[in-house]
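Peer 1: Numbering (this note's numbering), first residue to last: 104 to 1158. All C-beta atoms in this analysis are idealised placements derived from N, C-alpha and C, irrespective of residue type, glycine included.
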Amino acid sequence: MAEFEKQPLVSNQQVEAHGVYSAASAFPYDVAQLQSIVRTRKLDEFKKNFQSVDNLVEKMKSHPVHGLSSSEIQMRKEAFGINKIEPPPPTPFWRLMLDALNDTTMIILIIASVVSMILTTTVIKPKELEWIDSVAILVAVVVVVMVTSCNDYSKEKQFRALNAQKDDKTMKVIRNGSQQEISVYEVVVGDIVVLGVGDQIAADGILIASNDMKVDESGMTGESDEIKKSVEKNPFLIGSCLVTGGSGLFIVTAVGKNSIYGDILLTLQENDEETPLQAKLDELAKIIGYVGIGSASMTFLVLIIEFFFKQDFHKAENYVIWVNYFILAITIIVVAVPEGLPLAVTISLAYSMKQMIKDQCLVRKLESCETMGSVSNICTDKTGTLTLNQMRVVRARFGKTSFIQQGTTPLGKDVKEKVNEDTRKYYNLISSVCSTAEIKPDSSGKRVVVGNKTEGGMLLLSEEMGCDYVTYRKALVVGNQPEGAIHHKFDFSSERKRMSVVLKGKEFSTNSGIKLDDKLYVLAKGASEMMLDKCTKIQLEDGSIVPLTSQDKTQIEKEILTFAEASLRTLILAYKEADMNTSLEADALESELILSALVGIQDPLRPAVKQAVADCHHASITVRMVTGDNIITAVAISKDAGILPQGLNVDQAIAEKRAITGPEFAKLTDQEVDAMLPTLVCMARSAPKDKYRLVCRLKANNMVVAATGDGSNDAPQLKAANVGLAMGIAGTEVAKEASDMIIMNDAFDTIVKAIAWGRTVTANVRKFLQFQLSVNVVALLIAFLGAAVVEESPLTSIQLLYVNLIMDSLGSLALATEGPAKNVLDCPPIHRSASIIAPGMLRNVIISGAYQIIVILCMMFEGACGNGFTVVPDSLYPVGLVDAETIKHFKELRQTYRYTVVYNFFIMVQIFNEFNSRRLNNEVNIFEGITKNFMFCGVIISTAVFQVIIMLVPGIRDVFGVYSCGPSALKPCKILTAPNSISGASWAVSICMAAGIMIVHLLGRAFIKTDKEFPVSEKRVAKDMEKIRKREQAQREKEEEELINRKKNFTDVAK
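1. State yes or no: is the C-beta of residue 195 within less than 8 Å of the C-beta of residue 259?
2. Determine the closest residue to residue 438 out of 1126, 129 and 397, with distance taken between C-alpha atoms.
3. Let me know if residue 362 comes out buried or exposed under the rule of 16 or more other beta-carbons within 10 Å of its beta-carbon.
4. So for residue 483, helix, strand or coil by DSSP?
5. Tell me whether residue 202, by its Cβ, gets closer than 7 Å to a heavy atom of the ligand ATP.
6. Which residue's Cα is closest to the Cα of residue 557: 732, 686 and 607?
7. Taking the alpha carbon of residue 830 as the reference point, which residue from 1131, 296 and 845 has its own alpha carbon closest?
8. Exposed or buried, residue 860, counting other C-beta atoms within 10 Å across all chains shown (16 or more means buried)?
9. Counting C-beta neighbours from all protein chains within 10 Å, is the total for residue 356 16 or more, i.e. buried, or is it exposed?
10. Check each candidate in 1063, 304, 316 and 1117 and name the one with the smallest Cα separation from residue 186.
11. Who does residue 714 pair with in a DSSP beta bridge?
12. Using beta-carbon positions only, say whether residue 1108 and residue 1027 come within less than 8 Å of one another.
13. Give me the Cα-Cα distance between residue 1129 and residue 1136, rounded to the nearest whole angstrom.
14. Which of the three DSSP states, helix, strand or coil, is assigned to residue 272?
15. So does the region 773-793 actually touch the region 882-901, counting three or more Cβ pairs closer than 8 Å?
16. From 301, 170 and 490, pick the residue whose C-alpha is nearest to that of residue 737; which is it?
17. In whole angstroms, what separates the C-alpha of residue 1139 from that of residue 660?
18. By the DSSP assignment, the beta strand (DSSP E) with residue 307 in it spans what residues?
19. Going by CA-CA distance only, name the one from 483, 478, 451 and 485 that's closest to residue 469.
20. Give me the Cβ distance between residue 353 and residue 311, rounded to the nearest whole Å; I'm assuming they're in contact under 8 Å.
21. Report the CB separation of residue 950 from residue 1104 in whole angstroms; it is logged as a contact under 8 Å.
22. In angstroms, rounded to a whole number, what distance separates the CA positions of residue 618 and residue 531?
23. On the DSSP bridge list, what partners appear for residue 353?
24. Let me confirm a value: residue 484 is counted as buried when at least 16 other C-beta atoms fall within 10 Å, else exposed. Which label applies?
25. On a Cα-Cα basis, can you pick out the residue from 394, 425 and 393 that is closest to residue 408?
26. Measure the C-alpha to C-alpha separation of residue 372 and residue 191 and round it to an integer number of angstroms.
27. Please identify the residue among 1018, 1053 and 214 whose C-alpha is closest to the C-alpha of residue 1043.
28. Got a sec, what are the start and stop residues for the beta strand (DSSP E) residue 593 sits in?
29. In three-state terms, what does DSSP make of residue 578?
30. Under the three-state reduction of DSSP, which class applies to residue 795: helix, strand or coil?
31. If we ignore side chains and look at the alpha-carbon of each, how far apart do residue 384 and residue 948 end up?
32. Rounded to whole angstroms, what's the CA-CA distance from residue 1112 to residue 1025? Just pull it up for me.
33. One question on the structure: do residue 638 and residue 704 come within less than 8 Å of each other, judged by their Cβ atoms?
34. Please identify the residue among 547, 478 and 567 whose C-alpha is closest to the C-alpha of residue 497.
35. Whose C-beta lies closer than 7 Å to the C-beta of residue 734 among residues of the same chain, with five residues either side of it excluded?
36. Does DSSP put residue 1085 in a helix, in a strand, or in coil?
Here it is as structure tokens:
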């Protein structure tokens, strides 16, 4: 790469000539020219227009070693755009209102109300103000539409915010001369981006340095094979593609909507997927809707028949009654159809996802939030998930001397005193060069590891021995080549369990002052037992190199066993010299090595892991640890975490089929694996294919599996699992893209919290369903019985619409935003084929419905339970001799009074019933955790306040059709002695009888115990499994169709 100095963005001559300048004028190439580089992907055309990669970097005022400076970023954003695709504009509020109005029952209700209003203003005398009822219904429809629209708007806003957070990623770039991690949204044209295995390419660009880099471009071009990238032959990188091998640097040439991926995204729109729970509820909603239509039809039919026999059919004003009957029937359908069920799912999901982010869990796919509630198996990694991923070397062996950290004294200090400088030199060289980790001060000034924590632990030992790893890293730079002293790299893989760097001794020595010959130096590190087989010599404490005898190997193997039994990860560092013309074959170069050191790295168990594992066992969830460590370390960690019982040794664990190694697991048939599944909880030395197979066998046995992963090779198992959990800190972009959730702090206890939230989503929807069914049953029965017995419904259309508002919108807000109950993990996982209605729910609905119906019937019928039940005041009974018309007026007032008390009770009982609905099964404490749910408290208080206003405020009483007399009433009251509103005694009856439902429920739960779930039949399971298979097949077909569309769009964009 040619030598050049980084040029200033704007020269003095430019400023003098123009006085002012645009951001774009500071660069020789515009957006279109830079776009064409990757869109055409023609090397000869690139060379014709840009001469070389070096020239492009120089002209774009960037630098391969120093990158950009922070002061340039804003100007580059102005000149070339930001690396973000703005989502489609949110749905306008007016559009949401139209969508809410686009409901057949609502439209019919509006039309009927308008017809009624016309009739009441033309047929009936205007002074009677009968049109108020029609106007009130129209106002209620507007309120319902507004509330529905507000809920939809809030839901869309929340999901847009969650999606923005989900799509954000971190990228490594070189700025101000050092590597930095920034948001992918902050990447700009000219940035030098660092790529490694598992990284997603942040934007379109040109490769400027490569080490056997391979890229998966199948998602864009449809090419299934990995594409090898090199600066000389194929340097073109397409944004969003994934690095599957090697490493490299590239300069960004197009970002955001100017990149190929951004251009394609603008033509593709994601559709909302229906989750399984929503599908179940849709089926239930249809059934409830049919029942509602049937009930409404019967009510309407009964009213019409009674009217036909008792009224003059031909009177014009009676047409209004017909219309009102029709309005009532439509209102019953509106109340019966559970529009709130989908809303409850949406609110519960949105709320849970938001709360899960606070618990460090980012949901990428909605369905996974529900599925977590059914998880019965967790396949988890060890490092960083069960452990803190805070690696530190606490034991080591140099030559034939073993070292162990004592107290707070650094291990490196002891090594430095007893080990020769030449021996230490090679340890420091390997740990510094075979690593990308860094040690930097955090906000408190404490030096912490950034990057790979295992490599960081070895760097910390180097620092303790007085080595400055930064000096070694700087010595790798040759001219403008960041790694010019590196001849080749063999990256780590789960199959090889090692990595190595081939170093040019002369170049490195010149830059560092560390004496190395003009040869190649193979520096390697990896799993101890595998690396030991690769070593034929050992460097002793005094710096001398001697053959590695079989006796030495035996001693080292014993040392490895000792380290492993102490739950330490063991690694061997080794090296050798090679001629400059040695062929670059990994097996040849990584053989006959000189053993430099054996280290035992401690990674402490996370403090919350033991309790989290115990919680899983309590919840009937099996935790299976799948790790790359050797089986001794794996069993030791499993015992520490509580996955395996204490007192169990390795041989016993293997004999009892509780533990196995990956190679042994691979030899088993599917039938043998299935036989082991009930006991197998620890797999050591596993490869990604072993994890994938384990997940597949668990699923094949009808188990719901959550699997963790952080590496690119973990993508298959993450996709195969029912819920794929990628690690947010250690996870590669490949793993994150394949996952359903991202555990942002990499902690196992976060997974358990996610399971609790998953169960809570289903529980909250059930709570709302329990509440809604109890209201539905009572409303439908009372409307029908009222029509059949007294020729009218005790609840008017406007009252029913208000009940519908409380039940659907406010009820879903109150009950769908509950947090996980304390006992949420006290029961087994919810079977995916389980009925949405649980036994406890059915009991609660029956108890609630029966109580409400009995009380309302007693209130409805005069004399049924004595006049005192509704406390109708004496002033509503005629005294002395009065005419028939007056008697009729008194009777009508008493009936309105009773119906008003019925309505007041019905609303109040729903308030108390919402408390009951907070619990589904046999729990008696319905107030537990209520102070933490501000939404519930707010809904309860607001519903109560609104009810008081409806009952007491003049004018509003008339609108809602409740009892209203006196000069403030809109409709005239012909009984001058009648009270203005219902009495305090009637209020007391309403509230006390409503509160009684809590006592009835308490007794019901105490004496009528139910199971948690209904039994699930094999037929139902088979049917649901078929649905799942069809859904998965549809998803695959959708992905294939999307791939075809992307390929087509890619071709169009390239053209």
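Peer 2: So, from the data block:
1. Taking the C-beta atoms as reference points, residue 259 is found no nearer than 8 Å to residue 195.
2. Measuring C-alpha to C-alpha distances from residue 438 to each of 1126, 129 and 397 identifies 397 as the nearest.
3. Its Cβ being crowded by 16 or more others within 10 Å, residue 362 is buried.
4. Strand at residue 483.
5. Only the bare structure without any ligand can be found here, which leaves the ligand ATP out of the picture.
6. Nearest neighbour of residue 557 by Cα position, chosen from 732, 686 and 607, turns out to be 732.
7. Check the Cα spacing between residue 830 and each of 1131, 296 and 845: the tightest is with 845.
8. Only buried fits residue 860, as 16 or more other CB atoms lie within 10 angstroms of its CB.
9. Residue 356 comes out buried.
10. For residue 186, the nearest C-alpha among the options comes from 304.
11. DSSP output for residue 714 lists no bridge partner at all.
12. By the CB criterion at 8 Å, residue 1108 and residue 1027 fall inside the cutoff.
13. Rounded to whole angstroms, residue 1129 to residue 1136 spans 10 Å at the Cα level.
14. Three-state result, residue 272: coil.
15. Too few Cβ pairs lie closer than 8 Å, so no.
16. Restricting attention to 301, 170 and 490, the CA atom closest to the CA of residue 737 is found in 490.
17. For residue 1139 and residue 660, the distance between alpha carbons rounds to 48 Å.
18. Here the beta strand (DSSP E) through residue 307 covers 307-319.
19. Residue 451 is the option with its Cα nearest to residue 469.
20. In this structure, residue 353 and residue 311 form a Cβ contact; the two beta carbons are roughly 6 Å apart against a cut-off of 8 Å.
21. Distance from residue 950 to residue 1104 at the Cβ level is roughly 6 Å; contact confirmed, criterion being Cβ atoms closer than 8 Å.
22. Whole-angstrom Cα-Cα distance: 13 Å.
23. Residue pairing from DSSP places residue 353 in a beta bridge opposite 296 and 310.
24. The residue is buried, with at least 16 neighbouring Cβ atoms inside 10 Å.
25. The closest CA to that of residue 408, considering only 394, 425 and 393, is found on 425.
26. Model confidence at residue 372 stands at a pLDDT of 48, short of 50, so the residue's coordinates are unreliable and nothing is read from them.
27. Nearest C-alpha to residue 1043 among 1018, 1053 and 214: 1018.
28. Boundaries of the beta strand (DSSP E) around residue 593: 589-593.
29. Looking at residue 578 - three-state DSSP - the assignment turns out to be coil, as it is neither helix nor strand.
30. DSSP, read as helix, strand or coil, puts residue 795 in helix.
31. Roughly 17 Å between the two C-alpha positions.
32. So the alpha carbons of these two residues sit roughly 6 Å apart.
33. Not closer than 8 Å, so no.
34. If we check each option's Cα against that of residue 497, 567 comes out closest.
35. Result list for residue 734: 753, 762, 764, 787 and 788, in chain order.
36. In the three-state reduction of the DSSP assignment, residue 1085 falls in the coil class.
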